[in-house]
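Peer 1:
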Amino acid sequence: MNDSAILKIKDLSGILGVSTHLLYKIVKENSIDSISEGNKKVLPPLSVRKIMELRGFRYSPKNKPLIINVFGMKGGIGKTSIATALAEGASRLGFRVLAVDLDMQANLTQSFRMKKKSQYVLRHVIDEDTHVTISQTISNVHPFLDLVPSSLENSKVEILLSQKTIDFIGYFNQLFRGVFKNYDLIVLDCPPSVNKITTCATCFADINLIPVNADTDSFDGVSMSVSEIKRLESMFQDRHLKIDYKILFNKYDAREKLSFQVMGYIGQENDLAEHLLPIVIRTDTAFKNTKADGAHIFDLQKSSGREDCISLITEITGINKWIEEKSASNKGAAIQQPALEESTVKA
1 MNDSAILKIK DLSGILGVST HLLYKIVKEN SIDSISEGNK KVLPPLSVRK IMELRGFRYS
61 PKNKPLIINV FGMKGGIGKT SIATALAEGA SRLGFRVLAV DLDMQANLTQ SFRMKKKSQY
121 VLRHVIDEDT HVTISQTISN VHPFLDLVPS SLENSKVEIL LSQKTIDFIG YFNQLFRGVF
181 KNYDLIVLDC PPSVNKITTC ATCFADINLI PVNADTDSFD GVSMSVSEIK RLESMFQDRH
241 LKIDYKILFN KYDAREKLSF QVMGYIGQEN DLAEHLLPIV IRTDTAFKNT KADGAHIFDL
301 QKSSGREDCI SLITEITGIN KWIEEKSASN KGAAIQQPAL EESTVKA
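Letter by letter, the sequence shown follows residues 1 to 347 in our numbering.
See below:
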């Protein structure tokens, strides 16, 4: 269990675009818990959540969790690193997160350094003879982050699914709806393949996040992933299925010509360009180092990868949109105030 999942007040200040002085004031006036690290204060997830809610942010505006599926046909593009960063980073921002490892290789499970033990995985839920529910598979990582782990047991999932008739669009909703009320965000880490489990995950997600790296094989993988999404939409057009997807440039290096070339390829394809996120995850050796040390990118003092992951989280969870709307509302109120004062004087 990771009890050190904290966020620096300085980081929250940068995200919200307010001074650290204001945040210290909010913490003090509302008796919000903080932790001293040297002469600085850091915040546990519950404290961050209280501050965000006091500022007017709603973690589950639709009264259901936001579901993000990290998905792609190509292996080695950083799906698990991104899924880990999304889940860990969002939990530090006060989101109640459920990470779900759908890959029998169990890389996401290993990334959270969970102790290996005999436990239920998705295979046991799908196998109706076991009478296991999703809630029975969940392990706690820290108070705001839970995990549905994976193991080689999940190699049996496709066989089990082939033995039953399932509704691809609604199957995962049926499996997970019993735990919806406990979470604001569900992050799925998919294997790099096309099969029944990835189809269920793709249809289940609000956003399918497809990473692309600076190489032509990775670009081809993105094209194949988008083609699969279009195929599913066509297959279920009578049910008006629309699958949202976003493309994320991962391991981006502005010094490399290939990064610009792949970005150019994406720009030439309408199905790709209009879905490209306005964020890149820059190449950063810190990702490898923290993984080797058993730490997280968010534990570092300074890192381009850390900054980029925070930008990704605030963009994809709607924090950026909320801040923009809040800023526009405040500007509108500021413009109206002088007009009201002027009309009062004239009266």
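Backbone N, C-alpha and C define an ideal beta-carbon position, used for all residues, glycine too.
Smallest Cα separation from Leu46: which of Leu93, Ser151 and Gly221?
Peer 2: Considering only alpha carbons, the answer is Leu93.
Peer 1: Helix or strand or just coil, what does DSSP make of Glu37?
Peer 2: Looking at Glu37 - three-state DSSP - the assignment turns out to be strand.
Peer 1: Apply the 10 Å Cβ neighbour rule to Arg49 and answer buried if 16 or more other Cβ atoms are within range, or exposed otherwise.
Peer 2: Looking at its Cβ environment, which holds 16 or more other Cβ atoms inside 10 Å, Arg49 is buried.
Peer 1: DSSP state of Leu241, grouped into three classes?
Peer 2: Of the three classes helix, strand and coil, the one that applies to Leu241 here is coil, per DSSP.
Peer 1: Just verifying my parser: in three-state terms, what is the DSSP assignment at His296?
Peer 2: Correct three-state label for His296: coil.
Peer 1: Run the CB neighbour count on Thr202, radius 10 Å, all protein chains shown included, and call it buried at 16 or more, exposed below.
Peer 2: Counting Cβ neighbours within 10 Å, Thr202 comes out buried, since at least 16 surround it.
Peer 1: Which complete beta strand (DSSP E) runs does the region 133-199 hold, if anything under 3 residues is left out?
Peer 2: Complete beta strand (DSSP E) runs here, min 3: 139-142, 145-148 and 185-189.
Peer 1: Which word fits Lys74, buried or exposed, when buried means at least 16 other C-beta atoms lie within 10 angstroms of its C-beta?
Peer 2: Lys74 is buried by the Cβ-count criterion.
Peer 1: Hey, quick one: how far does the beta strand (DSSP E) through Val18 stretch, first residue to last?
Peer 2: No beta strand (DSSP E) holds Val18; DSSP gives it neither H nor E.
Peer 1: Can you give me the C-alpha to C-alpha distance between Met235 and Leu86, rounded to a whole angstrom?
Peer 2: Going from the Cα of Met235 to the Cα of Leu86 covers about 30 Å.
Peer 1: Okay, do the region 170-180 and the region 201-217 touch, 3+ Cβ pairs below 8 Å being the bar?
Peer 2: With a cut-off of 8 Å, the region 201-217 and the region 170-180 count as touching, because enough Cβ pairs lie within range.
Peer 1: List the residues that DSSP assigns as beta-bridge partners of Arg282.
Peer 2: In the DSSP output, where bridge partners are listed per residue, Arg282 has Tyr252.
Peer 1: When the Cα atoms are used, what is the spatial distance from Arg306 to Leu300?
Peer 2: In a straight line, the C-alpha of Arg306 is about 8 Å away from that of Leu300.
Peer 1: Between the Cα of Leu312 and those of Ser304, Thr165 and Val280, spot the shortest distance and give me the residue it belongs to.
Peer 2: Leu312 has its Cα closest to that of Val280, out of Ser304, Thr165 and Val280.
Peer 1: With a Cβ-Cβ cutoff of 8 Å, do Ala205 and Ser91 count as a contact?
Peer 2: Result no, Cβ atoms of Ala205 and Ser91 do not sit closer than 8 Å.
Peer 1: Roughly how many whole angstroms lie between the Cα atoms of Ala273 and Ile166?
Peer 2: Rounded to the nearest angstrom, the two C-alpha atoms are 34 Å apart.
Peer 1: Measure the CB-CB distance between His296 and Glu29 and report whether it falls below 8 Å.
Peer 2: Result no, Cβ atoms of His296 and Glu29 do not sit closer than 8 Å.
Peer 1: How about Leu98 and Val148: are their beta carbons less than 8 Å apart?
Peer 2: Contact: yes.
Peer 1: Cα separation between Lys237 and Thr216?
Peer 2: The residue you asked about is not Lys; residue 237 is Gln in the sequence shown. Their Cα atoms are separated by approximately 31 Å.
Peer 1: Who are Asp101's beta bridge partners in DSSP?
Peer 2: Answer is Asp189, bridged to Asp101.
Peer 1: So what's Ile207 in DSSP terms, helix, strand or just coil?
Peer 2: Looking at Ile207 - three-state DSSP - the assignment turns out to be strand.
Peer 1: What are the start and end residues of the alpha helix (DSSP H) that includes Val70?
Peer 2: That residue, Val70, is in no alpha helix (DSSP H); its beta strand (DSSP E) goes Leu66 to Val70.
Peer 1: Rounded to whole angstroms, what's the CA-CA distance from Glu256 to Gly264? Just pull it up for me.
Peer 2: The straight-line gap from Cα to Cα measures roughly 13 Å.
Peer 1: Tell me, which residues are paired with Ile247 by DSSP?
Peer 2: BP columns for Ile247 point to Ile210 and Leu276.
Peer 1: Does the distance from the CB of Ile356 to the CB of Val212 come in under 8 Å?
Peer 2: Shown here, the chain extends from 1 to 347; a query on residue 356 therefore has no answer.
Peer 1: Checking the sheet assignment: what are the DSSP bridge partners for Lys8?
Peer 2: Bridge partners of Lys8: Val42.
Peer 1: Kindly list the residues whose CB is nearer than 7 Å to the CB of Val121, restricted to its own chain and excluding five residues on each side of it in sequence; keep chain order.
Peer 2: For Val121, where only same-chain residues beyond five positions count, the Cβ hits under 7 Å are Thr137, Pro149, Ser150, Ser151, Glu153 and Asn154.
Peer 1: Are the beta-carbon atoms of Glu233 and Leu241 separated by less than 8 Å?
Peer 2: In this structure, Leu241 lies closer than 8 Å to Glu233 by Cβ.
Peer 1: Taking 6 Å as the limit between beta carbons, can you name the residues of its chain near Asn140, skipping five residues before and five after?
Peer 2: Within the same chain, Asn140 has close Cβ partners Asp146.
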